[in-house]
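Single-structure report; data block below.
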């Protein structure tokens, strides 16, 4: 039986939702990650940075854009001691400026994903998966990176059946 990891980065607090800024108690990507876990099991792991990003959404995405330009790899609060027991990794993130937050790259570059199946999913407000799949493939060339799932962020809380069906199909 395969061992599943669901690693995700998610933003709670101020978020852009259908054209306006709203406060979210739980981030959209975290919601989808929990739906995936409910459907296929596995261990949840939140990717979180040491640096706290601005509470203001517009300031946060400006910081994220600057990190992308500079190719910053922000330090993470926690790492899994070992990922060798996992063969399928669901990888979740918001899509900002067409890419995952740089913390996702810190996470991917920290481990050896050779021979593992990486199953990306994203929440977004219009960019879909952007260029994230090709970027993950560049960082993890010896992994199988599947076609991803993109959920419109405003629909995350209503996406359980879609996320569950997709997750089951990809394991």
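In my numbering, the protein residues as written are 272 to 442. Idealized CB from N, CA, C, for every residue including glycine. In this text the structure is predicted, and so the values were computed from the model without any measurement.
So who's on the other strand from residue i, going by DSSP bridges?
i: residue 394; result: 365 and 422
i: residue 416; result: 389
i: residue 317; result: 279
Which of the three DSSP states, helix, strand or coil, is assigned to residue i?
i: residue 428; result: helix
i: residue 410; result: helix
i: residue 328; result: helix
i: residue 346; result: coil
i: residue 292; result: strand
i: residue 442; result: coil
Can you check whether the C-beta of residue i is within less than 8 Å of a C-beta belonging to chain D?
i: residue 333; result: Of the chains in the structure shown, none is chain D; there is only one protein chain.
Buried or exposed for residue i, going by 16 or more other Cβ atoms inside 10 Å?
i: residue 321; result: exposed
i: residue 286; result: buried
i: residue 290; result: exposed
i: residue 294; result: exposed
i: residue 350; result: exposed
i: residue 281; result: buried
Can you give me the C-alpha to C-alpha distance between residue i and residue j, rounded to a whole angstrom?
i: residue 284; j: residue 354; result: 30 Å
i: residue 442; j: residue 388; result: 9 Å
i: residue 323; j: residue 402; result: 25 Å
i: residue 377; j: residue 337; result: 16 Å
Rounded to the nearest angstrom, how far is the Cβ of residue i from that of residue j, given a contact under 8 Å?
i: residue 302; j: residue 361; result: With a Cβ gap of about 14 Å, residue 302 and residue 361 do not count as contacting.
i: residue 391; j: residue 419; result: 4 Å
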